[in-house]
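In full-length UniProt numbering, the protein residues as written are 1 to 261.
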C-alpha cells in the first residue's frame with residue numbers, strides 16, 4: 001500500500017522525504033513533483049530498480065530514463081565530457097527545465113537501458129524534488145504515467161494511473177507549475193544540438209552559447225574534443241545518442257499524450 005504525504009504541511013513534507021529516501025535506498029519506486037510534471041523515480045545505480053521503473057511505465061530498455069540530480073557537483077560525477085558549452089548552460093539554466101545529453105562517465109556501475117554510452121541529466125527547479133535528490137543522490141526519473149498516457153500535473157493523476165502497489169511513496173507537491181517539457185540539448189557533438197524544443201527556447205540557448213547551437217539533423221558526428229590528442233588516437237564517429245524519451249517527440253514542447261518530465 002502506497003504512502004501519500006502532503007508536502008504543503010512542513011511536518012508531513014519532512015516525514016515524506018525521509019520515507020521516500022528510505023524507499024529509494026531499498027530500490028523501491030517513489031513519485032515526486034518536478035518543475036514540469038510529476039515524476040516516478042528510483043535509485044539510478046540499481047539495475048533492478050530501474051528495470052522495475054521501466055516495467056511499471058510499460059517501457060522497454062530502448063527508452064532509458066534521464067537522471068535527475070540535486071547539484072551540479074552530482075552531475076559532474078556522472079558526465080565524462082560537457083563539451084564546449086555545457087558548463088555555461090548548466091550555470092545559466094539549472095535548476096530548471098533543461099536536459100543535457102552527455103557522454104557518461106565510463107566507470108559508473110549502472111544500467112539505465114540502451115543509452116549508447118550517454119546520459120541525459122537535469123537539475124529540476126522544485127524544492128521537494130531537490131530535497132529528496134540531495135538526500136539520496138542521482139535518481140532515474142521518468143514522468144509519472146503509463147507510457148502513452150497523459151502526464152500527471154497533480155499527484156491524484158499519478159495515483160490514478162500508477163496505483164498503490166508498485167509505488168511505495170507519493171510526495172504531493174500540489175499542481176506543477178508547467179505543462180511544457182524540458183528542452184533537450186545534445187552536448188556530444190562538436191556543436192551542441194537541440195534534440196527537442198521545450199521550455200527553454202533556442203534563442204535563450206544561443207544567448208549563452210552564441211550562434212553555436214543548432215537543430216538535430218542526421219549525419220556523421222564530429223568529435224567533441226578538439227583535434228590534437230594523444231598521438232595515433234583517431235576517433236571514429238560516435239553512434240547517435242539515445243535521447244531520454246521523457247516526452248512524446250511528435251510534438252516537441254507540447255506532447256499532450258506523452259511524457260513531459
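All C-beta atoms, glycine included, are put in the ideal place defined by N, C-alpha and C.
All values reported here derive from a predicted model rather than from experimental measurement.
Excluding the 5 residues preceding and the 5 following residue i in the sequence, name in chain order all residues of the same chain whose CB lies nearer than 6 Å to its CB.
i	result
residue 130	70
residue 145	151, 152 and 161
residue 206	213
residue 135	21
residue 158	31, 38, 144 and 152
residue 147	57, 58 and 59
residue 18	none
Assuming residue i is part of the beta strand (DSSP E), what are its boundary residues?
i	result
residue 4	3–6
residue 139	139–143
residue 210	Where residue 210 is concerned, there is no enclosing beta strand (DSSP E), given that its DSSP letter is neither H nor E.
residue 148	Where residue 148 is concerned, there is no enclosing beta strand (DSSP E), given that its DSSP letter is neither H nor E.
residue 41	39–43
residue 168	167–172
residue 179	Run containing residue 179: none; DSSP gives neither H nor E here.
residue 80	79–81
residue 104	98–104
residue 29	29–32
Might you give, ordered along the chain, the residues of its own chain that have their beta carbon closer than 8 Å to the beta carbon of residue i, omitting 5 neighbours on each side?
i	result
residue 30	20, 23, 24, 40, 41, 42, 132, 167, 168, 169, 170 and 171
residue 164	1 and 2
residue 53	29, 40, 41, 42, 65, 140 and 142
Is residue i near residue j, with beta carbons less than 8 Å apart?
i	j	result
residue 184	residue 101	yes
residue 141	residue 68	yes
residue 38	residue 211	no
residue 97	residue 182	yes
residue 99	residue 66	yes
residue 180	residue 36	yes
Taking residue i as the reference, give the member of the options with the closest Cα.
i	options	result
residue 103	200, 53, 27 and 192	192
residue 138	148, 120 and 6	120
residue 209	164, 173, 10 and 89	89
residue 199	173, 93, 117 and 128	93
residue 149	12, 5, 53 and 57	57
residue 10	194, 47, 181 and 173	173
residue 27	79, 18 and 50	50
residue 7	85, 128, 81 and 74	128
residue 91	72, 181 and 117	72
residue 79	53, 122 and 54	122
residue 95	55, 126, 13 and 86	126
Span of the alpha helix (DSSP H) holding residue i?
i	result
residue 195	Premise fails: residue 195 lies in the beta strand (DSSP E), 193–196, not in any alpha helix (DSSP H).
residue 11	10–25
residue 52	47–57
residue 263	Residue 263 lies beyond the stretch modelled for the chain, which goes from 1 to 261, so this question has no answer here.
residue 120	Where residue 120 is concerned, there is no enclosing alpha helix (DSSP H), although the beta strand (DSSP E) it sits in stretches over 118–122.
residue 155	155–162
residue 86	86–93
Assuming residue i contacts residue j under a Cβ cut-off of 8 Å, what Cβ separation, rounded to an integer in Å, is found between them?
i	j	result
residue 34	residue 124	4 Å
residue 113	residue 61	4 Å
So, at 7 Å on beta carbons, what are the nonlocal neighbours of residue i in its own chain, with the 5 sequence-adjacent residues on each side left out?
i	result
residue 109	45
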